[in-house]
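This note's numbering numbers the first residue of the sequence shown as 4 and each following residue consecutively. Using N, Cα and C, we set each Cβ at its ideal position, and we do this for glycine too.
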Amino acid sequence: SAALSAEFQRAKAQITKIGDVQKALAQIESNGRKYAAPKPLTPPFNEGDAKAWVKAASEARTVAEHNSKQLAIIATNAYLPKNRGTVQNGAPYDSDDVKRLQRWANKMAAGAQGGYKSMADTLNARMNQSRQELASRWQDNPDSDKRWIYISEGKAEEAATFYADNLAIAKSSLHLEKALNRDTKQADELIATIEKAKAQFARNVNIALDTSRLPKAKSKNKKMKKYAKKILETPRYKFGQYGPIVLTTEKITDHERKDSEIEIDDVEFMLGDKVKLTGTKTTWTYKWSEFKFATPLKDADSGEWYIWWITAKKYTSGSSITPLNSWISGKATKGNRILKKNF
């Protein structure tokens, strides 16, 4: 019939347009491999990474659409009988291969789109976390007993890392949306918020430093100060350069504590899953006097001064390894930074 003849002519024209079907299918498969959808980037990433990803995703989507159109024509018009072999083993493409390549093309298109969604979702979650943390961290008054959150050891480095990490996430979002010609408002606003918080932290550090002072002395006892000085100048402690000594307890106090240790000599297993332990119990009685003081110590690496809080102890009784009858350093805690002019 005329209708059938027209359909045959149309099919013939389509096949002519495609040319060698086997060659066309091989090219489709090759392009599918060459322009595979890129894996989602793991933030943080830079502008170059974002542009390269968008270019690769765009190419994958274009190739997937082109492949899908060609495969639809081939599936409708080409004669591709099923065969037992595989293309990899040299067999010609058959109708199952066409279906396989169609699934692959669909997967490529979905991969390009899904990759963006995956990255955008990850970045949005990270940015929401950033907003929450920015609103809660380092909000305390720097001229208060909370000044330590700005000027105790490592806080400046902690803040610098925090702001840098969050900026990297916000900028990753900016790079991605910009490369896709999308709205960058959310990223722009977060970047501005981080920069503002970073500047405020720096101002708070200055306020905390300007108001950092040594504690008020609880006593001016000359003997206690002499003992403290001797501890600070004991070479094995490596306290280094020190400033004024401030006594933080009114007087020397006496203390006592007992400690026991059992040394097992023999283990005997008895009936009924019972175990008999034989050993020696040693008990030590610790007796000591103590007082506490604070002093600025110069950090050998940074050259900054930090207030140290030190417990001075003198034992008159203890274990076989306890140093007796001389003032030694007990617990020593590094506190806030302090400017030399504030001593």
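Residue i: first and last residue of the uninterrupted beta strand (DSSP E) it sits in
i	result
residue 152	From DSSP, residue 152 is part of no beta strand (DSSP E) but of the alpha helix (DSSP H) over 151-154.
residue 338	330-340
Neighbourhood of residue i by C-beta, 8 Å cutoff - its chain only, sequence neighbours within 5 removed
i	result
residue 295	250, 251, 252, 312, 313, 314 and 315
residue 10	Only weak support exists for where residue 10 lies, its pLDDT of 49 falling under 50; the value from the coordinates is given anyway. Cβ within range, chain order: n/a, list empty.
residue 342	212, 213, 215 and 308
residue 134	193 and 196
residue 130	172, 173, 176, 189, 190 and 193
Residue i - containing alpha helix (DSSP H), residue span
i	result
residue 315	Counting along the chain, residue 315 falls outside any alpha helix (DSSP H), though it belongs to the beta strand (DSSP E) covering 308-320.
residue 134	98-139
residue 229	225-235
residue 33	24-37
residue 244	Looking at the DSSP string, residue 244 is not in any alpha helix (DSSP H), and its letter there is neither H nor E.
residue 73	50-80
residue 208	188-214
residue 89	Premise fails: residue 89 is in no alpha helix (DSSP H) and is neither H nor E.
residue 344	Neither: residue 344 is in no alpha helix (DSSP H) and is coded neither H nor E.
residue 40	Element bounds for residue 40: n/a, residue is neither H nor E.
residue 161	158-182
Contact set for residue i: own chain, Cβ-Cβ below 7 Å, skip 5 residues either direction
i	result
residue 305	none
residue 38	62, 63 and 66
residue 34	66 and 70
residue 233	330
residue 152	141, 143 and 158
residue 59	41
residue 31	70, 73, 74 and 104
residue 310	217, 297, 299, 338, 339 and 341
residue 96	25, 28, 83 and 90
Rounded straight-line distance, which links the Cα of residue j to that of residue i
i	j	result
residue 324	residue 289	12 Å
residue 231	residue 168	43 Å
residue 75	residue 117	23 Å
residue 321	residue 287	6 Å
residue 235	residue 150	26 Å
residue 158	residue 208	10 Å
residue 132	residue 125	11 Å
residue 263	residue 128	54 Å
residue 247	residue 223	12 Å
residue 301	residue 226	24 Å
residue 210	residue 187	35 Å
residue 106	residue 184	29 Å
residue 298	residue 136	34 Å
residue 91	residue 68	24 Å
residue 115	residue 45	15 Å
residue 335	residue 57	56 Å
residue 200	residue 245	34 Å
residue 276	residue 285	28 Å
residue 346	residue 228	16 Å
residue 55	residue 36	17 Å
Per-residue burial, residue i [other beta carbons within 10 Å of its own, 16 or more giving buried]
i	result
residue 94	exposed
residue 180	buried
residue 51	exposed
residue 344	exposed
residue 218	exposed
residue 243	exposed
residue 164	exposed
residue 89	exposed
residue 238	exposed
residue 108	buried
residue 112	buried
residue 303	exposed
residue 202	exposed
residue 22	exposed
Nonlocal neighbours in the same chain, by C-beta distance under 6 Å from residue i, ignoring five residues either side
i	result
residue 257	292
residue 260	289
residue 43	118, 121 and 122
residue 318	291, 325 and 327
residue 333	314 and 316
residue 145	153, 207, 210 and 211
residue 190	173, 176 and 177
residue 255	292 and 294
Beta-carbon spacing of residue i, residue j below 7 Å
i	j	result
residue 154	residue 328	no
residue 337	residue 156	yes
residue 166	residue 197	yes
residue 98	residue 110	no
residue 101	residue 78	yes
residue 147	residue 48	no
residue 171	residue 204	no
residue 53	residue 195	no
residue 193	residue 220	no
Check: residue i C-beta below 6 Å from any heavy atom of the ligand HEM
i	result
residue 346	For the structure depicted, the ligand HEM is absent and the ligand set is empty, with no information on it obtainable.
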